[in-house]
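Anchor point for the sequence shown: position 133 equals 132 in numbering that gives the first Met the number 0, and the numbering is continuous, going up by one each time. Note that the Cβ used here is the ideal one computed from N, Cα and C, for glycine as well. Here's the structure, in structure tokens; my notes come after.
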Amino acid sequence: MAKLFNTVKVGAFSLKHRVVLSPMTRLRTIQPGDIPSPMMADFYGQRASEGGLEIIEAASISEHARSYLGAASIFHDGQHEGWKAIADAIHAKGGIAFLQLIHGGRQSHVDVTGGRLPVAPSEVPFDGVALTKDGFVPVSPHRALGRDEIKGIVEDFRVAAERAKKAGFDGVELHAANGYLVDQFIQDGTNQRTDEYGGPVDNRVRFMRESLEALISVYGADRVGVRISPSGEWGGISDSNPEATFSHVARVLDSYEIAYLHVIEPRIKGDDTLHHGHPTVAANYLRPHFSGPIIAAGGFERDSALEVVESGVADLVAFGRHFSSNPDLPVRLKDNLPLTPYVRAAFWGGDEKNYSDFPAYERPVAEDESNVAVDVEAV
Ligand SMILES: Cc1cc2nc3c(=O)[nH]c(=O)nc-3n(C[C@H](O)[C@H](O)[C@H](O)COP(=O)(O)O)c2cc1C
0 MAKLFNTVKV GAFSLKHRVV LSPMTRLRTI QPGDIPSPMM ADFYGQRASE
50 GGLEIIEAAS ISEHARSYLG AASIFHDGQH EGWKAIADAI HAKGGIAFLQ
100 LIHGGRQSHV DVTGGRLPVA PSEVPFDGVA LTKDGFVPVS PHRALGRDEI
150 KGIVEDFRVA AERAKKAGFD GVELHAANGY LVDQFIQDGT NQRTDEYGGP
200 VDNRVRFMRE SLEALISVYG ADRVGVRISP SGEWGGISDS NPEATFSHVA
250 RVLDSYEIAY LHVIEPRIKG DDTLHHGHPT VAANYLRPHF SGPIIAAGGF
300 ERDSALEVVE SGVADLVAFG RHFSSNPDLP VRLKDNLPLT PYVRAAFWGG
350 DEKNYSDFPA YERPVAEDES NVAVDVEAV
């Protein structure tokens, strides 16, 4: 059998296959309070499989950490039952549930942060968007974090992990990708600090290390993963030398013996065309620096997923959009069944339609079986 469908050890877990649900913010919490909704539990339960890993959409660790109205968060007691229902739905089918934890940093707006200015490592002009009651709007101006405040955010990560654990999640993923706060510290286009959190890369990863250590203090390293996007451009993020920066990040993460490193590749197309000419990331320079499992994500199709795992460049593949419309994606990939196309218009916000109403693949009934069915009905 192809390696993609073989077992693999990921931290504390023995997974039965290597098709992972990529975290996807779908803006379907109940407002006010970002309460995880019953349709979210349905969605994640439908995508659970025996021994399969699901990484649940980014949950903001505090009110100040929010970026998008309707997105998930985990910082108050009123959210506990909703999160527990999601973890329970996944466990009911024998799945493994990790919750991604996020601080949005400068990708935010005062209307979603409780009136406080968004924060970042440094004040660097940024013209991104946040989602408020008025729709997508330009972000609010941000301010640079004071040193003492940084400790407070690290503590928010720790408390959020405690809440995730209490709700029943098997582990957590630190969102250090896509230009949010941890990424803003790592990359030098957004980090111009002159204290111990800025300057050389070893200083720029300090906030990632401290946040990671906070999560590890709750879960243990073998139940914590980290997501990075070395070639990402979302959130106006940039680095003067991504290869050097993220090789260092990978080495630092390796030293913690975390459960996995989750890497967003440039969007590779089926024909292996590379997005913006970037080389595939894990392939070219991260693998030698990280000895644990690597999850690759970003633009994978069945063939490219089979290949990246077979070649040993990555150990698992996370699927986002295809999983959104194929709740039984691991089976469909294994048996090479057709995929239902995803519906982009329903990605961000809405109800159950084109969210939790995608059926599993229905195999055509063989002629002899259909005859049996008719006979049974006739009895
Ligand atoms: C609707 C939507 C929401 C997303 N939300 C998140 C998120 O919460 N956290 C994250 O790390 N990535 C997020 N992503 C990125 C996906 O996890 C994934 O990396 C991306 O979709 C590329 O993988 P794909 O080609 O398999 O869809 C999101 C993507 C989509 C389409």
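{"Asked": "Residue 185 CB to nearest heavy atom of ligand 1 below 7 Å", "Found": "no"}
{"Asked": "Straight-line Cα distance separating residue 157 from residue 71", "Found": "17 Å"}
{"Asked": "Segment limits, beta strand (DSSP E) that includes residue 328", "Found": "Run containing residue 328: none in the beta strand (DSSP E); it sits in the alpha helix (DSSP H), 328-333."}
{"Asked": "Residue 112 beta carbon near ligand 1 (any heavy atom closer than 7 Å)", "Found": "no"}
{"Asked": "Any non-hydrogen atom of ligand 1 closer than 7 Å to residue 347 Cβ", "Found": "yes"}
{"Asked": "Residue 68 and residue 111 closer than 8 Å at C-beta", "Found": "yes"}
{"Asked": "Beta-ladder partner(s) of residue 226, from DSSP", "Found": "174, 261"}
{"Asked": "Inter-stretch contact (C-beta, 8 Å, three-pair minimum) for the segment 140-151 and the segment 80-99", "Found": "no"}
{"Asked": "Reference residue 233; option with closest CA among 104, 176, 305", "Found": "176"}
{"Asked": "Neighbourhood of residue 247 by C-beta distance below 6 Å, restricted to the same chain and skipping five residues each side", "Found": "200"}
{"Asked": "Alpha-carbon to alpha-carbon, residue 114 and residue 8", "Found": "44 Å"}
{"Asked": "As assigned by DSSP and simplified to three states, the class of residue 105", "Found": "coil"}
{"Asked": "Under the three-state DSSP convention, the category residue 71 falls into", "Found": "strand"}
{"Asked": "Selected residue, minimal CA-CA separation from residue 250, among 230, 236, 235, 281", "Found": "281"}
{"Asked": "Buried or exposed (CB count within 10 angstroms, at least 16 for buried), residue 369", "Found": "Any reading at residue 369 must be qualified, since the residue scores a pLDDT of 49, below 50, and its modelled position is unreliable; the value itself is stated next. Residue 369 comes out exposed."}
{"Asked": "Closest Cα partner of residue 330 within the set 13, 12, 10, 17", "Found": "17"}
{"Asked": "Closest residue to residue 311 among 221, 283, 226 (Cα-Cα distance)", "Found": "283"}
{"Asked": "Buried versus exposed call for residue 272 [16 or more other C-beta atoms within 10 Å across all chains shown]", "Found": "Because the pLDDT of residue 272 is 46, which lies under 50, any placement of that residue in the model is unreliable, and the number read from its coordinates should be weighed accordingly. Exposed, since its Cβ has fewer than 16 Cβ neighbours within 10 Å."}
{"Asked": "Beta-bridge partners of residue 14, as assigned by DSSP", "Found": "7"}
{"Asked": "Touch test, the segment 213-230 against the segment 189-198, Cβ-Cβ under 8 Å, three pairs minimum", "Found": "no"}
{"Asked": "Residue 42 versus residue 357: straight-line alpha-carbon distance, rounded", "Found": "9 Å"}
{"Asked": "Residue 134 (DSSP reduced to helix, strand or coil)", "Found": "strand"}
{"Asked": "Residue 316: first and last residue of the uninterrupted beta strand (DSSP E) it sits in", "Found": "315-318"}
{"Asked": "Cβ neighbours of residue 1 in the same chain (closer than 6 Å, five flanking residues each side left out)", "Found": "305"}
{"Asked": "Burial state of residue 186 (16 or more Cβ within 10 Å)", "Found": "buried"}
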